[in-house]
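The block underneath contains the structure these notes are about, expressed in C-alpha coordinates.
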Amino acid sequence: MNTKIKSREEIVELVEELRNKGKTIGFTSGAFDILHAGHIDYLYKAKEVCDVLILGLNSDESIKKYKDQNRPINNFKFRAKVACSLEMIDFVFGFEEVNNNINVELIKPDFYIKAGDYTKEKLSSASIVEKFGGKVVLIPVQNDTSTSKTIQKLIELEKLKSFEVISESIDLPKLNEKVKVVFVDRDGTINKELSYLHEPEKFVLEKNVPEGLRKIQDLGYKLVVVTDQSGIGLGYFTKEDMFKVHGQMFKLLLPFNLKIDRIYFCPHSIEDNCNCRKPKTGLLEKAMASYSNMIDLENSYFIGDKTSDIKCGDDFGVNTILVKTGSWGKDNRYPEVKPNYVAEDLLDAAWFMARNN
-4 MNTKIKSREE IVELVEELRN KGKTIGFTSG AFDILHAGHI DYLYKAKEVC DVLILGLNSD
56 ESIKKYKDQN RPINNFKFRA KVACSLEMID FVFGFEEVNN NINVELIKPD FYIKAGDYTK
116 EKLSSASIVE KFGGKVVLIP VQNDTSTSKT IQKLIELEKL KSFEVISESI DLPKLNEKVK
176 VVFVDRDGTI NKELSYLHEP EKFVLEKNVP EGLRKIQDLG YKLVVVTDQS GIGLGYFTKE
236 DMFKVHGQMF KLLLPFNLKI DRIYFCPHSI EDNCNCRKPK TGLLEKAMAS YSNMIDLENS
296 YFIGDKTSDI KCGDDFGVNT ILVKTGSWGK DNRYPEVKPN YVAEDLLDAA WFMARNN
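Residue numbers (the working numbering): -4 to 352.
In C-alpha coordinates, the structure reads:
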(Lines of atoms letter the chains of each structure in order from A and count residues from 1; the text may use other names and numbers.)
(Lines give C-alpha, C1' and ligand atoms only; values in the text may rest on other atoms or scores of the structure.)
Protein backbone atom coordinates (compact mmCIF):
# COMPACT_ATOMS: atom_id res chain seq x y z
CA MET A 1 0.00 0.00 0.00
CA ASN A 2 2.84 2.38 0.81
CA THR A 3 3.85 2.39 -2.86
CA LYS A 4 0.74 4.45 -3.52
CA ILE A 5 1.96 7.30 -1.27
CA LYS A 6 4.04 9.83 -3.18
CA SER A 7 5.32 13.33 -2.79
CA ARG A 8 3.70 15.99 -4.93
CA GLU A 9 6.86 16.19 -7.03
CA GLU A 10 6.73 12.44 -7.68
CA ILE A 11 3.05 12.72 -8.64
CA VAL A 12 3.89 15.35 -11.27
CA GLU A 13 6.48 13.03 -12.85
CA LEU A 14 4.11 10.04 -12.72
CA VAL A 15 1.31 12.00 -14.37
CA GLU A 16 3.58 12.86 -17.29
CA GLU A 17 4.48 9.19 -17.78
CA LEU A 18 0.85 8.05 -17.50
CA ARG A 19 -0.39 10.69 -19.90
CA ASN A 20 2.21 9.59 -22.45
CA LYS A 21 0.67 6.10 -22.18
CA GLY A 22 -2.75 7.52 -23.05
CA LYS A 23 -4.17 7.38 -19.52
CA THR A 24 -6.71 9.97 -18.35
CA ILE A 25 -5.94 11.56 -14.97
CA GLY A 26 -8.55 12.34 -12.33
CA PHE A 27 -7.69 14.42 -9.28
CA THR A 28 -9.71 14.91 -6.10
CA SER A 29 -8.82 16.04 -2.60
CA GLY A 30 -10.00 16.45 0.97
CA ALA A 31 -9.37 15.59 4.61
CA PHE A 32 -10.92 12.10 4.54
CA ASP A 33 -10.60 12.11 8.31
CA ILE A 34 -13.13 9.48 9.41
CA LEU A 35 -13.96 7.37 6.38
CA HIS A 36 -17.71 6.80 5.91
CA ALA A 37 -20.18 5.53 3.30
CA GLY A 38 -20.37 8.90 1.59
CA HIS A 39 -16.62 8.86 0.96
CA ILE A 40 -16.73 5.35 -0.50
CA ASP A 41 -19.63 6.11 -2.83
CA TYR A 42 -17.95 9.32 -3.97
CA LEU A 43 -14.57 7.70 -4.65
CA TYR A 44 -16.06 4.81 -6.63
CA LYS A 45 -17.88 7.29 -8.86
CA ALA A 46 -14.75 9.42 -9.18
CA LYS A 47 -12.79 6.41 -10.39
CA GLU A 48 -15.41 5.72 -13.06
CA VAL A 49 -14.58 9.10 -14.61
CA CYS A 50 -10.88 8.43 -15.24
CA ASP A 51 -8.19 5.81 -15.73
CA VAL A 52 -6.02 6.95 -12.84
CA LEU A 53 -7.43 8.56 -9.69
CA ILE A 54 -5.10 10.68 -7.59
CA LEU A 55 -6.11 11.78 -4.08
CA GLY A 56 -4.61 14.88 -2.51
CA LEU A 57 -4.86 14.67 1.29
CA ASN A 58 -4.82 17.88 3.29
CA SER A 59 -2.03 17.94 5.83
CA ASP A 60 -2.92 18.07 9.52
CA GLU A 61 -2.04 21.76 9.69
CA SER A 62 -4.12 22.73 6.66
CA ILE A 63 -7.15 20.92 8.14
CA LYS A 64 -6.75 22.93 11.33
CA LYS A 65 -6.81 26.09 9.23
CA TYR A 66 -9.95 25.42 7.21
CA LYS A 67 -11.92 23.29 9.73
CA ASP A 68 -10.95 23.85 13.38
CA GLN A 69 -8.11 23.34 15.83
CA ASN A 70 -9.54 20.05 17.10
CA ARG A 71 -9.27 18.41 13.69
CA PRO A 72 -8.16 16.12 12.23
CA ILE A 73 -9.19 13.24 14.45
CA ASN A 74 -6.70 11.00 12.63
CA ASN A 75 -3.25 12.21 11.62
CA PHE A 76 -1.95 12.28 8.06
CA LYS A 77 -0.11 8.96 8.22
CA PHE A 78 -3.24 7.17 9.42
CA ARG A 79 -5.49 8.85 6.87
CA ALA A 80 -3.06 8.11 4.04
CA LYS A 81 -2.76 4.47 5.02
CA VAL A 82 -6.54 4.04 5.03
CA ALA A 83 -6.86 5.83 1.67
CA CYS A 84 -4.20 3.59 0.12
CA SER A 85 -6.18 0.50 1.10
CA LEU A 86 -9.02 1.55 -1.21
CA GLU A 87 -8.84 -0.06 -4.64
CA MET A 88 -10.28 2.93 -6.48
CA ILE A 89 -7.43 5.21 -5.38
CA ASP A 90 -4.25 4.83 -7.41
CA PHE A 91 -1.98 7.40 -5.74
CA VAL A 92 -2.02 9.60 -2.65
CA PHE A 93 -0.01 12.69 -1.76
CA GLY A 94 -0.18 15.31 0.96
CA PHE A 95 -0.31 19.08 0.61
CA GLU A 96 -0.13 22.04 2.99
CA GLU A 97 -2.37 24.59 1.23
CA VAL A 98 -6.07 25.08 2.01
CA ASN A 99 -7.07 25.11 -1.66
CA ASN A 100 -6.05 23.18 -4.78
CA ASN A 101 -4.71 26.00 -6.96
CA ILE A 102 -1.09 24.82 -6.80
CA ASN A 103 -2.07 21.13 -7.09
CA VAL A 104 -4.10 21.78 -10.22
CA GLU A 105 -1.39 23.98 -11.77
CA LEU A 106 1.19 21.23 -11.28
CA ILE A 107 -0.84 18.09 -12.04
CA LYS A 108 -3.05 19.51 -14.80
CA PRO A 109 -5.63 16.72 -14.42
CA ASP A 110 -8.00 15.81 -17.21
CA PHE A 111 -10.74 15.74 -14.59
CA TYR A 112 -10.88 17.82 -11.43
CA ILE A 113 -13.42 15.95 -9.30
CA LYS A 114 -15.31 17.33 -6.30
CA ALA A 115 -18.47 16.42 -4.40
CA GLY A 116 -21.80 17.84 -5.51
CA ASP A 117 -22.19 19.99 -2.40
CA TYR A 118 -19.75 22.33 -4.19
CA THR A 119 -20.60 24.44 -7.22
CA LYS A 120 -18.18 25.36 -9.97
CA GLU A 121 -18.46 29.00 -8.91
CA LYS A 122 -17.21 28.12 -5.44
CA LEU A 123 -14.15 26.27 -6.71
CA SER A 124 -11.22 28.66 -7.04
CA SER A 125 -9.34 26.03 -9.06
CA ALA A 126 -12.09 25.52 -11.66
CA SER A 127 -10.87 28.26 -13.98
CA ILE A 128 -7.30 26.93 -13.77
CA VAL A 129 -8.45 23.45 -14.80
CA GLU A 130 -10.40 24.76 -17.77
CA LYS A 131 -7.51 27.00 -18.83
CA PHE A 132 -5.46 23.97 -19.90
CA GLY A 133 -8.44 22.00 -21.26
CA GLY A 134 -9.41 20.00 -18.19
CA LYS A 135 -12.96 19.42 -17.01
CA VAL A 136 -14.58 20.00 -13.62
CA VAL A 137 -16.72 17.03 -12.54
CA LEU A 138 -19.16 17.38 -9.65
CA ILE A 139 -20.44 14.10 -8.18
CA PRO A 140 -23.86 14.29 -6.45
CA VAL A 141 -23.88 13.48 -2.74
CA GLN A 142 -25.84 10.26 -2.25
CA ASN A 143 -25.36 9.67 1.49
CA ASP A 144 -26.55 12.19 4.05
CA THR A 145 -23.51 11.84 6.26
CA SER A 146 -20.18 13.53 6.89
CA THR A 147 -17.18 13.33 9.18
CA SER A 148 -18.50 16.34 11.11
CA LYS A 149 -21.87 14.65 11.65
CA THR A 150 -20.13 11.47 12.79
CA ILE A 151 -18.01 13.40 15.28
CA GLN A 152 -21.06 15.29 16.58
CA LYS A 153 -22.96 12.05 17.06
CA LEU A 154 -20.06 10.56 19.02
CA ILE A 155 -19.93 13.68 21.20
CA GLU A 156 -23.66 13.46 21.87
CA LEU A 157 -23.44 9.76 22.73
CA GLU A 158 -20.63 10.44 25.19
CA LYS A 159 -22.72 13.17 26.82
CA LEU A 160 -25.75 10.91 26.99
CA LYS A 161 -23.75 8.16 28.66
CA SER A 162 -23.21 10.47 31.60
CA PHE A 163 -26.98 10.63 32.13
CA GLU A 164 -27.31 6.90 32.80
CA VAL A 165 -27.57 6.00 36.47
CA ILE A 166 -26.15 2.56 37.10
CA SER A 167 -28.17 0.15 39.21
CA GLU A 168 -25.48 -0.06 41.86
CA SER A 169 -25.22 2.54 44.60
CA ILE A 170 -23.05 5.50 43.64
CA ASP A 171 -20.06 6.22 45.86
CA LEU A 172 -20.18 9.85 46.91
CA PRO A 173 -18.46 11.75 49.71
CA LYS A 174 -20.39 11.51 52.97
CA LEU A 175 -22.89 14.30 53.32
CA ASN A 176 -22.73 16.47 56.43
CA GLU A 177 -26.41 17.34 56.45
CA LYS A 178 -29.66 16.02 55.07
CA VAL A 179 -30.80 17.01 51.60
CA LYS A 180 -34.30 17.72 50.37
CA VAL A 181 -35.19 15.82 47.23
CA VAL A 182 -38.06 16.06 44.78
CA PHE A 183 -38.60 12.81 42.91
CA VAL A 184 -40.30 13.62 39.61
CA ASP A 185 -42.01 11.17 37.28
CA ARG A 186 -41.11 11.67 33.60
CA ASP A 187 -43.88 10.64 31.16
CA GLY A 188 -47.07 12.60 31.78
CA THR A 189 -45.40 14.84 34.36
CA ILE A 190 -42.36 16.34 32.65
CA ASN A 191 -43.31 15.49 29.06
CA LYS A 192 -46.44 14.66 27.10
CA GLU A 193 -47.01 10.94 27.46
CA LEU A 194 -46.69 8.74 24.37
CA SER A 195 -46.72 4.96 24.41
CA TYR A 196 -43.14 3.68 24.48
CA LEU A 197 -41.63 7.06 23.66
CA HIS A 198 -38.17 6.54 22.17
CA GLU A 199 -37.84 9.16 19.45
CA PRO A 200 -36.23 12.38 20.72
CA GLU A 201 -38.10 14.58 18.23
CA LYS A 202 -41.40 13.44 19.79
CA PHE A 203 -40.39 14.52 23.28
CA VAL A 204 -42.60 17.52 24.16
CA LEU A 205 -42.63 19.23 27.56
CA GLU A 206 -45.86 19.54 29.53
CA LYS A 207 -47.02 23.07 30.29
CA ASN A 208 -45.02 25.14 32.79
CA VAL A 209 -42.45 22.37 33.32
CA PRO A 210 -39.24 24.45 33.08
CA GLU A 211 -40.70 27.19 35.29
CA GLY A 212 -41.92 24.64 37.84
CA LEU A 213 -38.65 22.73 38.00
CA ARG A 214 -36.67 25.96 38.26
CA LYS A 215 -38.78 27.17 41.19
CA ILE A 216 -38.38 23.79 42.92
CA GLN A 217 -34.63 24.02 42.40
CA ASP A 218 -34.58 27.57 43.75
CA LEU A 219 -36.37 26.31 46.88
CA GLY A 220 -33.27 24.21 47.58
CA TYR A 221 -34.43 20.80 46.40
CA LYS A 222 -32.39 18.25 44.45
CA LEU A 223 -34.23 17.14 41.31
CA VAL A 224 -34.33 13.39 40.72
CA VAL A 225 -36.23 11.88 37.79
CA VAL A 226 -37.75 8.44 38.42
CA THR A 227 -39.24 6.72 35.39
CA ASP A 228 -40.59 3.32 34.34
CA GLN A 229 -39.36 2.35 30.87
CA SER A 230 -40.80 -1.11 30.29
CA GLY A 231 -40.34 -0.67 26.52
CA ILE A 232 -36.68 -1.59 27.06
CA GLY A 233 -37.51 -4.94 28.64
CA LEU A 234 -40.19 -5.62 26.05
CA GLY A 235 -37.74 -4.94 23.23
CA TYR A 236 -39.56 -1.94 21.77
CA PHE A 237 -36.50 0.26 22.15
CA THR A 238 -33.01 0.21 23.67
CA LYS A 239 -31.34 1.98 26.56
CA GLU A 240 -29.48 4.04 23.99
CA ASP A 241 -32.83 5.20 22.57
CA MET A 242 -33.89 6.24 26.05
CA PHE A 243 -30.62 8.12 26.59
CA LYS A 244 -31.28 10.07 23.39
CA VAL A 245 -34.73 11.03 24.69
CA HIS A 246 -33.12 12.16 27.94
CA GLY A 247 -30.63 14.15 25.89
CA GLN A 248 -33.55 15.95 24.24
CA MET A 249 -35.02 16.63 27.67
CA PHE A 250 -31.77 18.18 28.86
CA LYS A 251 -31.56 20.22 25.65
CA LEU A 252 -35.04 21.67 26.17
CA LEU A 253 -34.34 22.44 29.84
CA LEU A 254 -30.85 23.87 29.25
CA PRO A 255 -31.94 27.53 28.72
CA PHE A 256 -33.52 27.52 32.18
CA ASN A 257 -30.27 26.72 34.02
CA LEU A 258 -31.73 23.56 35.53
CA LYS A 259 -29.78 20.70 37.02
CA ILE A 260 -31.34 17.25 37.04
CA ASP A 261 -29.29 15.66 39.78
CA ARG A 262 -30.11 12.02 39.01
CA ILE A 263 -32.16 9.90 36.63
CA TYR A 264 -33.26 6.44 37.76
CA PHE A 265 -35.13 4.16 35.41
CA CYS A 266 -36.77 0.75 35.57
CA PRO A 267 -36.41 -1.20 32.29
CA HIS A 268 -38.65 -4.09 33.38
CA SER A 269 -42.19 -5.08 32.45
CA ILE A 270 -44.88 -5.97 35.00
CA GLU A 271 -44.24 -9.68 34.39
CA ASP A 272 -40.62 -9.32 35.52
CA ASN A 273 -41.82 -8.68 39.09
CA CYS A 274 -38.82 -6.48 39.83
CA ASN A 275 -38.35 -4.33 42.91
CA CYS A 276 -37.90 -1.08 40.96
CA ARG A 277 -41.08 -0.67 38.92
CA LYS A 278 -43.35 1.85 40.60
CA PRO A 279 -45.09 1.69 43.03
CA LYS A 280 -42.23 -0.42 44.40
CA THR A 281 -39.58 1.78 45.93
CA GLY A 282 -36.37 0.17 44.62
CA LEU A 283 -35.34 3.21 42.56
CA LEU A 284 -35.92 5.56 45.48
CA GLU A 285 -33.86 3.29 47.69
CA LYS A 286 -31.00 3.54 45.20
CA ALA A 287 -31.34 7.30 45.33
CA MET A 288 -31.23 7.22 49.14
CA ALA A 289 -27.99 5.20 48.98
CA SER A 290 -26.48 7.65 46.47
CA TYR A 291 -27.11 10.48 48.94
CA SER A 292 -25.45 8.49 51.73
CA ASN A 293 -28.84 7.83 53.37
CA MET A 294 -29.13 11.54 54.08
CA ILE A 295 -32.39 12.37 52.27
CA ASP A 296 -34.74 14.41 54.47
CA LEU A 297 -37.84 12.29 53.90
CA GLU A 298 -40.13 14.49 55.97
CA ASN A 299 -39.45 17.48 53.71
CA SER A 300 -39.02 15.67 50.39
CA TYR A 301 -41.66 15.05 47.71
CA PHE A 302 -42.72 12.72 44.94
CA ILE A 303 -44.56 14.40 42.05
CA GLY A 304 -46.33 12.35 39.40
CA ASP A 305 -49.44 11.98 37.29
CA LYS A 306 -50.35 8.40 38.25
CA THR A 307 -51.63 6.72 41.40
CA SER A 308 -48.61 4.41 41.20
CA ASP A 309 -46.37 7.48 41.61
CA ILE A 310 -48.32 8.60 44.67
CA LYS A 311 -48.25 5.13 46.26
CA CYS A 312 -44.51 4.88 45.58
CA GLY A 313 -43.94 8.18 47.38
CA ASP A 314 -46.26 7.20 50.23
CA ASP A 315 -44.56 3.87 50.76
CA PHE A 316 -41.15 5.53 50.77
CA GLY A 317 -42.26 8.10 53.32
CA VAL A 318 -42.18 11.37 51.38
CA ASN A 319 -44.88 13.93 50.65
CA THR A 320 -46.78 13.44 47.40
CA ILE A 321 -48.30 15.70 44.74
CA LEU A 322 -50.53 14.51 41.93
CA VAL A 323 -50.45 16.72 38.82
CA LYS A 324 -53.40 17.14 36.49
CA THR A 325 -51.28 16.43 33.44
CA GLY A 326 -50.76 13.08 31.71
CA SER A 327 -52.99 10.45 33.33
CA TRP A 328 -54.18 12.86 36.03
CA GLY A 329 -54.56 9.88 38.39
CA LYS A 330 -57.03 8.20 36.05
CA ASP A 331 -54.87 5.10 35.82
CA ASN A 332 -56.80 4.27 39.02
CA ARG A 333 -54.46 1.42 39.89
CA TYR A 334 -54.37 2.50 43.51
CA PRO A 335 -57.55 4.50 44.12
CA GLU A 336 -57.06 4.36 47.87
CA VAL A 337 -53.99 6.63 47.85
CA LYS A 338 -54.45 10.29 48.69
CA PRO A 339 -51.79 12.82 47.68
CA ASN A 340 -50.88 15.74 49.91
CA TYR A 341 -51.90 18.06 47.10
CA VAL A 342 -53.46 17.94 43.64
CA ALA A 343 -51.72 20.47 41.37
CA GLU A 344 -52.60 21.83 37.96
CA ASP A 345 -49.02 21.25 36.80
CA LEU A 346 -45.43 21.33 38.03
CA LEU A 347 -45.46 25.09 38.51
CA ASP A 348 -48.56 24.89 40.70
CA ALA A 349 -46.87 22.06 42.61
CA ALA A 350 -43.82 24.27 43.15
CA TRP A 351 -45.96 27.09 44.54
CA PHE A 352 -47.61 24.63 46.96
CA MET A 353 -44.18 23.55 48.10
CA ALA A 354 -43.11 27.18 48.54
CA ARG A 355 -46.12 27.85 50.76
CA ASN A 356 -45.26 24.84 52.91
CA ASN A 357 -41.47 25.14 52.80
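Note that CB positions come from ideal geometry on N, CA and C, so glycine has one too. Treat the numbers as computed from the prediction; the structure is a model and nothing was measured.
The DSSP assignment places 176 to 180 as complete runs of the beta strand (DSSP E) inside the stretch 167 to 206, in order along the chain (cut-off: 3 residues). The alpha helix (DSSP H) runs lying completely inside the stretch 53 to 96 and spanning 4 residues or more are 55 to 61 and 71 to 79, given in chain order.
Around the Cβ of Tyr216, a 10 Å sphere holds 16 or more other Cβ atoms; the residue is buried. When the five nearest sequence neighbours on each side are left out, the beta carbons in the same chain lying within less than 7 Å of the beta carbon of His34 are those of Phe27, in order along the chain. If you draw a straight line from the Cα of Val7 to the Cα of Leu101, it is about 6 Å long. Taking all protein chains in view, the Cβ of Thr23 is crowded by 16 or more other Cβ atoms within 10 Å, so the residue is classified as buried.
Separation of Glu339 and Phe347 (C-alpha to C-alpha, rounded to the nearest whole angstrom) is 11 Å. Looking at the backbone, the Cα of Pro334 and that of Glu235 are separated by about 34 Å. As DSSP reads the structure, Val132 sits in a beta bridge with Ile108. Judged by pairs of C-beta atoms under 8 Å, the stretch 226 to 246 does not touch the stretch 311 to 324, as fewer than three such pairs exist. Secondary structure within the stretch 248 to 334: the alpha helix (DSSP H) runs of 4 or more consecutive residues, fully enclosed, are 277 to 285 and 302 to 311 (chain order). Looking at the backbone, the Cα of Gly228 and that of Phe260 are separated by about 12 Å. In terms of Cα proximity to Gly25, the closest of Glu12, Arg3 and Leu52 is Leu52. Here Phe86 really is in contact with Leu9; their C-beta atoms are around 7 Å apart, less than 8 Å. Around the Cβ of Lys202, a 10 Å sphere holds fewer than 16 other Cβ atoms; the residue is exposed. With a cut-off of 8 Å on Cβ pairs, the stretch 248 to 255 is not in contact with the stretch 276 to 285, counting fewer than three such pairs. Taking every protein chain shown into account, the CB of Gly308 has 16 or more other CB atoms within 10 angstroms, so this residue is buried. For Gln212, the number of other beta carbons within 10 angstroms of its own is at least 16, and it is reported as buried. Between the stretch 127 to 134 and the stretch 52 to 65 there are fewer than three inter-stretch CB-CB distances shorter than 8 Å, so the stretches are not counted as touching. In this structure the stretch 120 to 127 does not lie against the stretch 33 to 48, because fewer than three pairs of beta carbons, one per stretch, are closer than 8 Å. Non-local C-beta neighbours of Asn69 in its own chain, meaning closer than 8 Å and more than five positions away in sequence, comprise Asp28, Ile29 and Val77, ordered along the chain. In the DSSP assignment, Lys40 falls within the unbroken alpha helix (DSSP H) covering Ala32 to Val44.
For the 8 Å CB-CB criterion, Lys301 and Gly183 form a contact.
By a beta-carbon distance limit of 8 Å, Arg257 does not contact Thr222. Their separation comes to about 11 Å. Tyr61 counts as exposed, since fewer than 16 other beta carbons sit within 10 angstroms of its beta carbon. Per DSSP, the unbroken beta strand (DSSP E) holding Ala338 starts and ends at Tyr336 to Ala338.
Beta-bridge analysis with DSSP links Val99 to no other residue. For Leu48, DSSP records a beta bridge to Gly21. For the 8 Å CB-CB criterion, Thr19 and Phe106 form a contact.
Setting aside the 5 residues that flank it on each side, Asn98 is surrounded in the same chain by Arg3, Phe22, Ser24, Gly51, Phe90, Glu92 and Ser120, each with a C-beta closer than 8 Å to its C-beta; the list follows chain order. In the DSSP annotation of this structure, the continuous segment of the beta strand (DSSP E) that includes Leu218 starts and ends at Lys217 to Asp223. If you draw a straight line from the Cα of Val177 to the Cα of Leu214, it comes to about 11 Å. Residue environment: Phe311 is assigned as buried (16 or more neighbouring CB atoms within 10 Å of its CB, all protein chains considered).
Rounded to the nearest angstrom, the gap between the Cα atoms of Glu206 and Leu192 is 23 Å. By the neighbour-count definition (other C-beta atoms within 10 Å, threshold 16), Thr114 is an exposed residue.
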